[in-house]
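Peer 1: Just so you know, the sequences run in chain order A and B.
Be aware that the first sequence starts at 8, since it is given in the numbering used here, and climbs by one per residue.
Be aware that the second sequence starts at 9, since it is given in the numbering used here, and climbs by one per residue.
For glycine and all other residues, C-beta sits at the position ideal for the given N, C-alpha and C.
Supplied in C-alpha cells, the structure appears directly below.
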Amino acid sequence: MNYEFQPLGDQAVVIDLGNEISQAIHEEVQSISNLLDEHQPEWIIEYIPAFTNITILYSPFLVYQQIKQTETLPYDWVCAQLRQMLTQNKREKVPEPRTIEIPVCYGGDYGPDLANVSKYTGLKEDEVIKKHMNGDYIVYMIGFAPGFPYIGGMDETISTPRRDDPRLEIPAGSVGIAGSQTGVYPITTPGGWQLIGQTPLPLFQPEEDPPSLLQPGDKIKFTSISEKEYLAIKEDK
Amino acid sequence: MLKVLKSGLLTTIQDLGRYGYQKYGVITSGAMDPEAHRIANLLVGNDQRTPTMEITLKGPVLEFQEDALIAVCGGNLSPMIDGETVGLWRPIYIKKGSELRFGNPKKGFRAYLSIAGGFEVTSVMGSASTYLRAEIGGYKGRALDKGDTINFGELSNSSQKAFDELKDMAGSKPYQTMDWFVATEFSAPIQDEPKLKVMEGREFHLFTDDSQSSFFEEQFQIDSQSDRMGYRLQGSKLELTKQKDMISEAVTFGTIQVPAEGNPIILLADRQTTGGYPKIGQVATVDLPRIAQLKPGEQVSFEQISHKQAQYLLLEREKQIQQLAQGIRFKNR
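Next up, the structure:
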C-alpha cells in the first residue's frame with residue numbers, strides 16, 4: 008500500500024492513498040477503516056473515509072499526556088504510530104461487501120425530473136429506469152448530509168447535468184442524478200439533482216446504531232416498486 | 009427548572025460536539041466557542057462536556073423556577089438579573105423567581121450559560137448538541153422558544169459547596185456572585201479586526217501567487233450570509249492557477265475553503281463532514297473561539313503560522329485550561 012501523511016489543521020492527519028477514484032483505492036480505504044474499527048487507540052477521536060484518502064481526527068493533548076515528551080510533536084508521534092499500524096495490517100482483502108436493496112418508486116410525482124432525463128439522454132423513460140436499476144453500484148463514502156451516499160457505477164448513458172434552477176426543498180428519500188452520479192437524499196435539503204424517483208426507506212436513522220442505512224463499501228441494488236408498494240413500506244417504517 | 013420567557017435570536021443547547029459519527033455524514037455541531045463553553049462549566053463545578061446554552065447576539069429572557077448556580081462566559085451580551093448587571097466569567101447564585109435577561113450586546117457575538125448539574129436534555133449519538141437541520145439533539149432538536157422549560161441535573165460536590173456559600177451570602181437578594189472571576193487571556197479574546205492564526209491548507213499551493221499573498225496580507229469582511237455552518241468572507245477574489253476537479257474529502261472545524269467564485273468560507277461548528285472545494289487555509293484551534301465572537305460585517309485578517317507552531321500553541325492552551333480548572337476547584341473547595 009502506498010500512502011502519504013499530511014496534516015489537516017492541528018488535530019487531524021490525512022492518509023492519502025491516490026489521486027483518482029478507483030475500486031483499488033477504495034478497498035485500501037476500507038481496509039484501513041476495518042483496521043480502526045477493530046482497534047482504535049484512545050488518542051484517535053474518529054476517522055472519516057473518503058474516495059482517495061482517510062482522515063484521522065486525534066487529540067494532540069491526549070497524545071502529549073501519553074508520551075510525556077514535550078519535544079516530540081504529537082503529529083510526528085501519531086504518524087509513526089499509524090505507519091506501524093499500517094505495516095502490521097496484514098489483511099489482503101476487505102470482507103465481502105453487503106448488498107443493500109433500495110426499492111424505488113420511479114417517475115410520476117415521485118420522480119418529477121424523469122422526463123428531463125429522458126429528453127436529455129434521448130432514452131425512453133422505461134429505458135432510463137432499467138439502466139438505473141442495472142448499475143453496478145458501490146458506496147464510496149458518506150458525506151454532504153447524514154447518511155448521504157456517494158455512489159459510483161452508474162451507466163454513463165443516463166448521465167444528466169444538474170437542473171439549472173435548484174429546488175429549495177428536495178423531499179427525503181428522493182433518488183436523483185447529477186452528472187454521472189446517482190444518489191439518494193436522506194433528509195430534506197435544497198439541491199439541484201434531477202429527481203427520478205423516491206425510496207420509502209429511511210437512510211438516516213438517528214435512533215439506530217449506526218445511524219446510516221448505508222456504509223462505505225456497500226453494494227446497492229435499486230429495484231422498482233409501485234406507488235402502492237411504496238406507501239405500504241412507508242407505512243411500515 | 010427554568011422557563012424561557014423570550015427566545016432571543018438563536019438560543020440552542022450545545023456541548024463539545026457529536027464526534028464519532030462523521031463517517032456516516034453526521035455533522036458534529038457543538039459550541040462555536042468551545043473555550044467559553046468549557047470555562048462556563050468549570051466555574052459551576054461541571055464536567056467540561058456538560059451541555060450549556062449558546063446565546064447569540066440578542067439573548068433570551070429566562071425565569072428561574074428554582075435556585076441555581078450559573079455562569080455566563082464568552083461575549084458580553086449584557087446579562088442582567090432582575091434588572092441589575094452581572095459580571096461574566098464567575099459563579100453566580102440565582103434565586104428562585106428571579107429573571108436572567110440580556111440587554112444590548114457590548115462585545116462579541118456568542119455567550120454561554122452554564123448551570124450547575126447541567127441542562128437535562130436527551131443525548132443523541134452521545135451528544136446533547138442541537139443539530140438544527142436534522143432536528144436532533146439539544147432541546148427537541150430545535151432552538152429554544154418562548155414557553156419552553158428545562159430541568160437541571162444533580163449538583164456535584166464542588167457545585168454544592170459553591171452553591172451553599174453563595175446562597176448564604178445572598179440572604180434575600182435575587183443573586184450573589186463570587187468575589188473573584190476568571191481574568192486570563194480566556195476572558196479577553198475579543199478584539200476588533202483580529203488577525204487570526206492560520207496554517208496553509210492542503211491545496212494552498214494550487215492558488216496563484218497573488219491569491220496566496222492576498223490571503224495573508226489583506227482584510228476580509230464577514231458576509232451577512234454567515235452562520236454556525238460557516239463564515240463567508242468578502243475581499244480579494246482568490247483564484248487557482250488552473251481549474252482542478254476536486255474529489256470530496258474530510259474538512260474540520262476551521263477549514264477555509266474557496267468555492268469557484270473566489271470568496272473564502274471558514275467552516276465552523278455546523279459544517280458538513282466533507283467538502284469538495286480547495287482548502288487554502290486552516291484556522292489554528294487556539295483561535296477558533298475568536299471567530300465565534302465575530303459578527304457579520306466585521307473585518308478579519310490572517311497571520312500565517314506553521315502546523316508545528318499551531319500544535320504547540322494548542323498544547324500550551326490545554327495546559328492553561330487544566331491549570332485554570334485546578335484553580336477553580338481550589339477556590340470552590
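1. Under three-state DSSP, which class holds Pro90 (chain B)?
2. Nearest-angstrom Cα distance between Ile123 (chain B) and His45 (chain B)?
3. Taking the runs of the beta strand (DSSP E) that are 3 residues or longer, which of them lie wholly in the segment 224–275 of chain B?
4. Could you tell me if Arg105 (chain A) is buried or exposed, where buried requires 16 or more neighbouring beta carbons within 10 angstroms of its beta carbon?
5. Leaving out five residues before and five after Ala333 (chain B) in sequence, what residues of the same chain have Cβ atoms less than 6 angstroms from its Cβ?
6. Can you give me the C-alpha to C-alpha distance between Lys259 (chain A) and Asp235 (chain B), rounded to a whole angstrom?
7. Check each residue of the segment 189–218 of chain A: if its Cβ is closer than 9 angstroms to any Cβ of chain B, include it; give the result in chain order.
8. DSSP three-state call for Arg118 (chain B): helix, strand or coil?
9. Under DSSP, the beta strand (DSSP E) around Tyr54 (chain A) begins and ends at which residues?
10. For the segment 279–293 of chain B, which residues have a beta carbon sitting closer than 7 angstroms to at least one beta carbon of chain A?
11. Using a threshold of 8 angstroms, state whether the C-beta atoms of Gly154 (chain A) and Gly145 (chain B) are closer than that.
12. Nearest chain A C-beta to Lys316 (chain B) closer than 8 angstroms, yes or no?
13. Applying the 10 Å Cβ sphere with the 16-neighbour rule, what's the burial state of Trp188 (chain B)?
14. Should Thr79 (chain A) be flagged as near chain B, meaning a C-beta pair shorter than 8 angstroms?
15. Return no unless some Cβ of chain A is closer than 8 angstroms to the Cβ of Thr263 (chain B).
16. Would Ser167 (chain B) be called buried (16 or more neighbouring beta carbons within 10 Å of its own) or exposed?
17. Could you tell me whether the Cβ atoms of Leu10 (chain B) and Glu71 (chain B) are closer together than 8 angstroms?
18. Relative to chain A, which residues along the segment 196–228 of chain B have a C-beta separation below 9 angstroms, given in chain order?
19. Closer than 8 angstroms, CB to CB, is Ile145 (chain A) near chain B or not?
20. Is the shortest distance between the beta-carbon of Lys31 (chain B) and the beta-carbons of chain A less than 8 angstroms?
21. Quick one: give me the first and last residue of the beta strand (DSSP E) that Glu306 (chain B) is part of.
22. Taking the alpha carbon of Cys112 (chain A) as the point to measure from, which residue in A:Lys137, A:Ile145, A:Gln95, A:Lys131 has its own alpha carbon closest?
23. If you reduce the DSSP assignment to three classes, tell me which class Met177 (chain B) lands in.
24. Only counting the same chain, and skipping five residues up and downstream in sequence, which positions put a Cβ closer than 8 angstroms to that of Met2 (chain B)?
25. Rounded to whole angstroms, what's the CA-CA distance from Gln37 (chain A) to Asn60 (chain A)? Just pull it up for me.
26. Do Met254 (chain B) and Pro286 (chain B) count as a contact pair if the criterion is CB distance below 8 angstroms?
27. Determine which residues share a DSSP beta bridge with Gly224 (chain A) and list them.
28. Hey, would you say Val80 (chain B) sits closer than 8 angstroms to Leu65 (chain B), going by beta carbons?
29. Starting from Gly335 (chain B) and walking both ways along the alpha helix (DSSP H), at which residues does that stretch end?
30. Can you tell me the Cα-Cα spacing of Ile203 (chain A) and Ala122 (chain A), whole angstroms?
31. Should Glu215 (chain A) be labelled buried (16 or more other beta-carbon atoms within 10 Å of its own) or exposed?
32. Just grab the DSSP bridge partners of Lys205 (chain B) for me.
33. In chain B, what lies closer than 8 angstroms to Leu89 (chain A) by C-beta?
34. Bridge partners of Phe229 (chain A), per DSSP?
35. Should the segment 119–133 of chain B be regarded as contacting the segment 308–323 of chain B, the criterion being three or more beta carbon pairs within less than 8 angstroms?
36. Distance, Cα to Cα, Pro202 (chain B) vs Ser309 (chain B)?
Peer 2: Walking through what the data contain:
1. Stepping through the second sequence from its first residue, residue 90 (chain B) is reached at position 82. The residue you asked about is not Pro; residue 90 (chain B) is Asp in the sequence shown. Looking at Asp90 (chain B) - three-state DSSP - the assignment turns out to be coil, as it is neither helix nor strand.
2. By one-based count along the second sequence, residue 123 (chain B) stands at place 115. By one-based count along the second sequence, residue 45 (chain B) stands at place 37. Approximately 11 angstroms, taken between the alpha carbons.
3. 228–230, 238–242, 263–265, 273–275
4. Reading the first sequence from its first residue, position 98 is the one you call residue 105 (chain A). Exposed, because fewer than 16 other Cβ atoms sit within 10 Å of the Cβ of Arg105 (chain A).
5. Counting from one through the second sequence, the residue named residue 333 (chain B) turns up at place 325. Closer than 6 angstroms at Cβ, skipping near neighbours: Leu50.
6. This structure gives no information on residue 259 (chain A), because the portion of chain A shown stretches from 8 to 244.
7. Pro193, Ile194, Thr195, Thr196, Phe211, Pro213, Glu214, Asp216, Pro217, Pro218
8. Here residue 118 (chain B) refers to the residue found at position 110 of the second sequence. In this structure, Arg118 (chain B) counts as strand in the three-state DSSP scheme.
9. Sequence index remark: in the first sequence, residue 54 (chain A) carries index 47 (1-based). Start and end: 51–56.
10. Gln280, Thr281, Thr282, Gln290, Ala292, Thr293
11. Counting from one through the first sequence, the residue named residue 154 (chain A) turns up at place 147. Counting from one through the second sequence, the residue named residue 145 (chain B) turns up at place 137. Going by C-beta atoms, Gly154 (chain A) is not nearer than 8 angstroms to Gly145 (chain B).
12. Here residue 316 (chain B) refers to the residue found at position 308 when the second sequence is read from its first residue. Answer yes: the Cβ-Cβ gap between Lys316 (chain B) and chain A drops below 8 angstroms somewhere.
13. Within the second sequence, the letter at position 180 stands for residue 188 (chain B). Trp188 (chain B) should be labelled exposed.
14. Position 72 of the first sequence, counted from the start, is the residue given in the question as residue 79 (chain A). No, Thr79 (chain A) does not count as interfacial toward chain B.
15. On the second sequence, position 255 is the one that residue 263 (chain B) refers to. Chain A contact via Cβ: present.
16. Taking the second sequence and counting its residues from 1, the one referred to as residue 167 (chain B) is at position 159. So Ser167 (chain B) counts as buried.
17. Indexing the second sequence from 1 puts residue 10 (chain B) at position 2. Indexing the second sequence from 1 puts residue 71 (chain B) at position 63. Yes. Within cutoff.
18. Met207, Gly209, Arg210
19. As a first step, residue 145 (chain A) is located in the first sequence; it is residue number 138 there, counting from the start. Closer than 8 angstroms: no.
20. As a first step, residue 31 (chain B) must be located in the second sequence, where it is residue number 23. It does; some Cβ of chain A falls within 8 angstroms.
21. Stepping through the second sequence from its first residue, residue 306 (chain B) is reached at position 298. No beta strand (DSSP E) contains Glu306 (chain B), which DSSP labels as neither H nor E.
22. Against the first sequence, residue 112 (chain A) aligns to sequence position 105. Ranking A:Lys137, A:Ile145, A:Gln95, A:Lys131 by Cα distance to Cys112 (chain A) puts A:Lys137 first.
23. The count along the second sequence starts at 1 and reaches residue 177 (chain B) at position 169. If DSSP states are grouped into helix, strand and coil, Met177 (chain B) belongs with the helices.
24. Because residue 2 (chain B) is not part of the residues shown, which for chain B are 9 to 341, the question remains open.
25. The sequence position of residue 37 (chain A) within the first sequence is 30, counting from 1. The sequence position of residue 60 (chain A) within the first sequence is 53, counting from 1. Using only the alpha carbons, I get a separation of about 10 angstroms.
26. For the purposes of this step, residue 286 (chain B) is taken as the residue at position 278 of the second sequence. For the purposes of this step, residue 254 (chain B) is taken as the residue at position 246 of the second sequence. Yes, the pair counts as a contact, with Cβ atoms nearer than the cut-off.
27. If you number the first sequence from 1, residue 224 (chain A) lands on position 217. In DSSP, Gly224 (chain A) forms no bridge with anything.
28. Taking the first residue of the second sequence as 1, we reach residue 80 (chain B) at position 72. Taking the first residue of the second sequence as 1, we reach residue 65 (chain B) at position 57. Going by C-beta atoms, Val80 (chain B) is not nearer than 8 angstroms to Leu65 (chain B).
29. Counting from 1 along the second sequence, the entry for residue 335 (chain B) is found at position 327. 315–339 is the span of the alpha helix (DSSP H), which, as asked, contains Gly335 (chain B).
30. Here the question's residue 203 (chain A) lines up with position 196 in the first sequence. Here the question's residue 122 (chain A) lines up with position 115 in the first sequence. In a straight line, the C-alpha of Ile203 (chain A) is about 8 angstroms away from that of Ala122 (chain A).
31. Taking the first sequence and counting its residues from 1, the one referred to as residue 215 (chain A) is at position 208. Classification for Glu215 (chain A): exposed.
32. Position 197 of the second sequence holds residue 205 (chain B). The partner list for Lys205 (chain B) (beta bridge, DSSP) reads B:Glu311.
33. On the first sequence, residue 89 (chain A) is found 82 positions in, with the first residue counted as 1. The premise fails here: Leu89 (chain A) is roughly 15 angstroms from chain B at the closest Cβ pair, so nothing lies under 8 angstroms.
34. Here residue 229 (chain A) corresponds to residue number 222 of the first sequence, with the count starting at 1. Bridge partners of Phe229 (chain A): A:Ile109.
35. no
36. By one-based count along the second sequence, residue 202 (chain B) stands at place 194. By one-based count along the second sequence, residue 309 (chain B) stands at place 301. The straight-line gap from Cα to Cα measures roughly 7 angstroms.
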